[in-house]
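Heads up: the protein sequence lines correspond to chains A and B, in order.
Numbering follows the numbering used here, in which position 1 of the first sequence is assigned residue number 1; successive positions increment by one, without gaps.
In the numbering used here, each number is its position in the second sequence, counted from 1, plus 326.
Working notes, beginning with the structure itself.
Number of protein chains: 2
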Amino acid sequence: MLKTNKRPVLAVDLGGTKIIAAVVSPDGKIVSRKYCLTLADNGLKAVIERLLVVANDAVVQSKIDIVGLAGVGIAAAGIINAKRGVITYSPNLPGWRNVALRDIVSEKLGLDTYLINDASAAALGEHRFGAGKGMDNLIYLTVSTGIGGGIIIDGKLYSGSDGCAGEIGHMTVDVNGPRCSCGNSGCLEVLASGTAVAREAVIRLNQGETSSIIELAEGKIENVTAETVALAARQGDKLACDIVAGAANYLGIGFANLVNVFNPDLIVVGGGMSKMGNMLLSPARKVVKQRAFKLPAGTVRIVRAGLGSNAGIVGVAAYVFDQRRA
Amino acid sequence: MLKTNKRPVLAVDLGGTKIIAAVVSPDGKIVSRKYCLTLADNGLKAVIERLLVVANDAVVQSKIDIVGLAGVGIAAAGIINAKRGVITYSPNLPGWRNVALRDIVSEKLGLDTYLINDASAAALGEHRFGAGKGMDNLIYLTVSTGIGGGIIIDGKLYSGSDGCAGEIGHMTVDVNGPRCSCGNSGCLEVLASGTAVAREAVIRLNQGETSSIIELAEGKIENVTAETVALAARQGDKLACDIVAGAANYLGIGFANLVNVFNPDLIVVGGGMSKMGNMLLSPARKVVKQRAFKLPAGTVRIVRAGLGSNAGIVGVAAYVFDQRRA
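In C-alpha cells:
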C-alpha cells in the first residue's frame, strides 16, 4: 500500500444540479471521475444514496482499493460548519438543515471525511493547481447563479471560526439595492450574479426596451439567461452591453472592497459569468483602480479561474491532503 | 544584557495629533511613556525630529540602555507598505507621500525597526493584552474621526501582500451614499464615523430640526462634534438618538459584511465612538443578527476595546516581538 502522503483522495462535489465524484492524486491529477444528477427534489436520503453510489463508482473506476485512499473530501454549496462537518443551510439543497453529512459519509465509507464549502474548495484548487499557483494571498469568487467565495491566506484556506468564512456574495454594497435570496438588500450577489443579469434583462425587456436578447431567447422572455445576455453583448446589442456593464461595475465595487480589506496578490474569478472574460473583467478592473487605494490596487491582479468545473474536486482533495499532513 | 526574547521594545504611535513613545516589555507592560504634539503642519522633517526626541525621552525615562532594546515598532495612520516600511499616504499627515520612515528611524536609532498601520497595531494589542485575548480570529475596528481596521487570523496579524490590509472603513456599503475622503462614495467611514455623526447633526440642525445638541455646543453649530451628539442622545434628545441610530445601523451593516466574509470569533470596537458603548453597539449587534448568516452571526461577539489609547503602543510592541521570534 502507498504511504499515507502518496495515497489519493476520494473527492465529491455536491451541487444543486449534479454530484461529481473523483479519485484525485496528491499532485492534483484526476485518476477517475464520475457524476450523476443530484435530483435534490427527491429529498435528503435519496441524494445521500446517490452520492454514495457515484462515489463508489469513481473508486471502482480508479481501480484503487478503497482502503488505499487517504480520506474523503466533500465540497458542498451552502453555509457549511466545516469544524463540525455539517451543512447548516443550502439554497441549492432545499430542506437540508443541519445535516451532519461528514459523519454520515465517514460511517458509510469507513474513511476519514472532511466537508467544506464548494467555493472554498475551488479557491484551494485554483491556489494549488490553477490560476493562483504560488500566490500567498488570494480571493476566489465564483460568479454564477449566486456568488460564492473562498479566501487563501499565507497559502492556506482561511475558513473562519466555524468554517463558514468567505460569503463574499453576501457583502452589502448597496444598502438600498434589491432584495437578495439571503433576505438582505443590496448584496453583491443580487447585483452582479448571473441571476442578477438575467433579472435586469427581463425587467428592461418588459419595460419595452428593444434588444436582440429576445431573439436569441427564441422570442420567449422566460428563456432569457445570463448566457443570452452575454451572447447579445458580444454582438454589440446596446441593452445587453448596458446590463453587462452594470454587473461589471458592481463586481468592481465588490473587488475594490476586497482589495482594501485583504490587500491580496490575486482575485480569481470563476463560475459561468467568468466566461464573459474581459467583457466583464476589464471594466471591473477599472473600477478597482478608481475605488481602491493605490497601493493595493497596484498590486492585485484580477484573472479568470483556470480549472473550470474541476476546481472544487481538486481543491477539496488538496484540503484533505493538507489536513492529513497537519 | 537580557536575552533577546526578554528585551523590551521601543514603541511609537505616530498620529495626526500626537506622537506617543513608550518602552514596552514582552508581557505588554509599559515601562515608560512620553508624548508630544505631532504639529504635522510644520512638515515632514520637523515631525520626524520630534518623533526621535520623544522616542529618546521614553528610553531615558525607562532607564534602559538603548542597545538593550529588542527593536523599534512604529504604528502610523495611513496606507502603510509594511513590507517596505513606507508610509505611502496618510490623511492625517498632509504631504507625507512614500516616506521610508522605517529606514530613517532605524538609521537614526541604530535598531531594527518595523512600521505598521496604527489600527493593525491596535488589533494586535487587543488580541494579546486586551479584549481579544485567546481568540483565533478577530477583527478590530477603530471608529473615530475615520474608521480603521486590523485583522487577526489564526492568532497572527494579517497584513496582506504589501502590508496594507484592513482598510475596513473603506468598504463601500452604500454605492449611492455620500462622498468619502478617500474619493469614493458610500464607504463605511463616511456613514458611521464620528465625522459622519457630526456632519449629519450639522445638516439636520441647519434644516431647522430642534435639538438640545446646539445648546450642548454652546449655541455654535461649528462646535458640534460626535461627543456633543452622544451626550445629547444620552439625555434622550430625539434628533441625537436618531443620528446615533443611523450610524449604528451602518456600523451593523459593516459588521454583518465582516461576519459573512470572516466568520470571526470577535469584533472589537475601539476609537472615540466606542465610548458610546451599548447605545451604539446594541443596535449594531441587532443588525448583524438580522443581516448576517445565522451560523457566523451566532458565533461572533461584538465588544468594546479594552486598552484605550495604549492599544497601538502595546500592539506594535507585540508585532516587533513576533518578528524577532519568527
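We put the CB at the ideal spot given by N, CA and C, even for glycine.
None of these values were measured; they are calculated from a predicted model.
Cβ-heavy atom distance, residue i to the ligand MN, below 8 angstroms
{"i": "G85 of chain A", "result": "The model depicted lacks the ligand MN and carries no ligand whatsoever."}
Proximity winner among the options, relative to residue i (alpha-carbon distances)
{"i": "L266 of chain A", "options": "A:A256, A:V54 and A:K220", "result": "A:A256"}
{"i": "L138 of chain A", "options": "A:A123, A:S144, A:F129 and A:A40", "result": "A:A123"}
{"i": "N382 of chain B", "options": "B:G486, B:V335 and B:V570", "result": "B:V335"}
{"i": "G186 of chain A", "options": "A:V173, A:E126 and A:A192", "result": "A:V173"}
{"i": "I442 of chain B", "options": "B:G472, B:G421, B:I477 and B:T536", "result": "B:I477"}
{"i": "G312 of chain A", "options": "A:R325, A:A75, A:I48 and A:A226", "result": "A:A75"}
{"i": "S446 of chain B", "options": "B:T471, B:D462 and B:G404", "result": "B:G404"}
{"i": "I479 of chain B", "options": "B:V412, B:F588 and B:V640", "result": "B:F588"}
{"i": "L370 of chain B", "options": "B:G421, B:C490 and B:S485", "result": "B:G421"}
{"i": "R627 of chain B", "options": "B:L584, B:V646 and B:V640", "result": "B:L584"}
{"i": "N502 of chain B", "options": "B:G354, B:L514 and B:E493", "result": "B:L514"}
{"i": "L517 of chain B", "options": "B:G481, B:M599, B:S537 and B:G492", "result": "B:M599"}
{"i": "K29 of chain A", "options": "A:R324, A:G194 and A:A11", "result": "A:A11"}
7 angstroms Cβ cut-off: residues of chain A touching residue i
{"i": "A491 of chain B", "result": "V261, F262 and N263"}
{"i": "R462 of chain B", "result": "It is worth fixing the name first, because residue 462 of chain B is Asp in this sequence and not Arg. What D462 of chain B touches in chain A: S161."}
{"i": "T625 of chain B", "result": "S161 and D162"}
Backbone CA spacing between residue i and residue j [nearest angstrom]
{"i": "K238 of chain A", "j": "A457 of chain B", "result": "54 angstroms"}
{"i": "P178 of chain A", "j": "N184 of chain A", "result": "8 angstroms"}
{"i": "K344 of chain B", "j": "L363 of chain B", "result": "4 angstroms"}
{"i": "S309 of chain A", "j": "T113 of chain A", "result": "22 angstroms"}
{"i": "L111 of chain A", "j": "G495 of chain B", "result": "45 angstroms"}
{"i": "A221 of chain A", "j": "N260 of chain A", "result": "Strictly speaking, residue 221 of chain A in this sequence is Ile, with Ala absent from that position. Between I221 of chain A and N260 of chain A, the C-alpha separation is close to 39 angstroms."}
{"i": "G341 of chain B", "j": "T299 of chain A", "result": "26 angstroms"}
{"i": "A58 of chain A", "j": "R33 of chain A", "result": "6 angstroms"}
{"i": "A318 of chain A", "j": "K83 of chain A", "result": "17 angstroms"}
{"i": "S507 of chain B", "j": "D444 of chain B", "result": "18 angstroms"}
{"i": "A70 of chain A", "j": "R7 of chain A", "result": "5 angstroms"}
{"i": "L531 of chain B", "j": "D568 of chain B", "result": "13 angstroms"}
{"i": "A652 of chain B", "j": "F129 of chain A", "result": "29 angstroms"}
{"i": "V143 of chain A", "j": "G270 of chain A", "result": "6 angstroms"}
{"i": "A571 of chain B", "j": "V31 of chain A", "result": "57 angstroms"}
{"i": "R560 of chain B", "j": "G208 of chain A", "result": "53 angstroms"}
{"i": "R423 of chain B", "j": "K294 of chain A", "result": "12 angstroms"}
{"i": "I104 of chain A", "j": "V60 of chain A", "result": "21 angstroms"}
{"i": "C490 of chain B", "j": "V54 of chain A", "result": "46 angstroms"}
{"i": "A46 of chain A", "j": "G85 of chain A", "result": "19 angstroms"}
{"i": "I213 of chain A", "j": "A232 of chain A", "result": "6 angstroms"}
{"i": "E316 of chain B", "j": "R376 of chain B", "result": "Shown here, chain B extends from 327 to 652; a query on residue 316 of chain B therefore has no answer."}
{"i": "D648 of chain B", "j": "V316 of chain A", "result": "32 angstroms"}
{"i": "H453 of chain B", "j": "V320 of chain A", "result": "30 angstroms"}
{"i": "G632 of chain B", "j": "Q290 of chain A", "result": "36 angstroms"}
{"i": "L542 of chain B", "j": "D136 of chain A", "result": "52 angstroms"}
{"i": "S211 of chain A", "j": "I48 of chain A", "result": "44 angstroms"}
{"i": "I147 of chain A", "j": "E218 of chain A", "result": "28 angstroms"}
{"i": "G451 of chain B", "j": "G492 of chain B", "result": "15 angstroms"}
{"i": "M497 of chain B", "j": "V288 of chain A", "result": "12 angstroms"}
{"i": "S193 of chain A", "j": "N368 of chain B", "result": "50 angstroms"}
{"i": "A248 of chain A", "j": "R611 of chain B", "result": "32 angstroms"}
{"i": "G603 of chain B", "j": "A623 of chain B", "result": "20 angstroms"}
{"i": "T195 of chain A", "j": "G155 of chain A", "result": "32 angstroms"}
Per-residue contacts from residue i into chain B (C-beta, under 7 angstroms)
{"i": "L295 of chain A", "result": "I405, N407, T414, D488 and C490"}
{"i": "I153 of chain A", "result": "I479 and Y484"}
{"i": "R199 of chain A", "result": "Within chain B, no residue comes near R199 of chain A; the closest Cβ sits about 18 angstroms away, beyond 7 angstroms."}
{"i": "R324 of chain A", "result": "Result: empty, since nearest Cβ-Cβ is about 19 angstroms, beyond 7 angstroms."}
{"i": "R33 of chain A", "result": "The premise fails here: R33 of chain A is roughly 31 angstroms from chain B at the closest Cβ pair, so nothing lies under 7 angstroms."}
Beta-carbon separation (whole angstroms), residue i vs residue j, contact threshold 8 angstroms
{"i": "L427 of chain B", "j": "V398 of chain B", "result": "That belief does not hold up - the Cβ atoms of L427 of chain B and V398 of chain B are roughly 11 angstroms apart, past 8 angstroms."}
{"i": "V555 of chain B", "j": "A566 of chain B", "result": "5 angstroms"}
{"i": "G149 of chain A", "j": "L141 of chain A", "result": "5 angstroms"}
{"i": "P264 of chain A", "j": "S487 of chain B", "result": "6 angstroms"}
{"i": "V594 of chain B", "j": "V640 of chain B", "result": "Going by Cβ atoms, the distance from V594 of chain B to V640 of chain B rounds to 14 angstroms, so no, they are not a contact pair."}
{"i": "I413 of chain B", "j": "V425 of chain B", "result": "5 angstroms"}
Residues that residue i contacts on chain A, provided the C-beta gap is smaller than 9 angstroms
{"i": "A582 of chain B", "result": "H170, M171, T172 and N184"}
{"i": "R560 of chain B", "result": "Result: empty, since nearest Cβ-Cβ is about 27 angstroms, beyond 9 angstroms."}
{"i": "R314 of chain B", "result": "No statement about residue 314 of chain B is possible, as the shown extent of chain B runs from 327 to 652 and does not include it."}
Contacts that residue i makes with chain A (C-beta to C-beta distance below 8 angstroms)
{"i": "I579 of chain B", "result": "T172 and V175"}
{"i": "R630 of chain B", "result": "Near R630 of chain B there are no residues of chain A at all, since even the closest Cβ is about 20 angstroms away, more than 8 angstroms."}
Neighbouring residues, chain B, relative to residue i (Cβ below 9 angstroms)
{"i": "R285 of chain A", "result": "Within 9 angstroms Cβ-Cβ: nothing; R285 of chain A doesn't reach chain B, min ~16 angstroms."}
{"i": "R102 of chain A", "result": "Result: empty, since nearest Cβ-Cβ is about 15 angstroms, beyond 9 angstroms."}
(message) Closer than 8 angstroms is the cut-off here; do at least three beta carbon pairs connect the stretch 274-286 of chain A with the stretch 90-105 of chain A?
(response) no
(request) Decide if the stretch 380-398 of chain B is in contact with the stretch 341-361 of chain B; the criterion is three or more beta carbon pairs, one per stretch, under 8 angstroms apart. (result) yes
(request) Answer yes if the stretch 249-263 of chain A comes into contact with the stretch 199-208 of chain A, meaning at least three C-beta pairs across the two stretches below 8 angstroms, and no otherwise. (result) no
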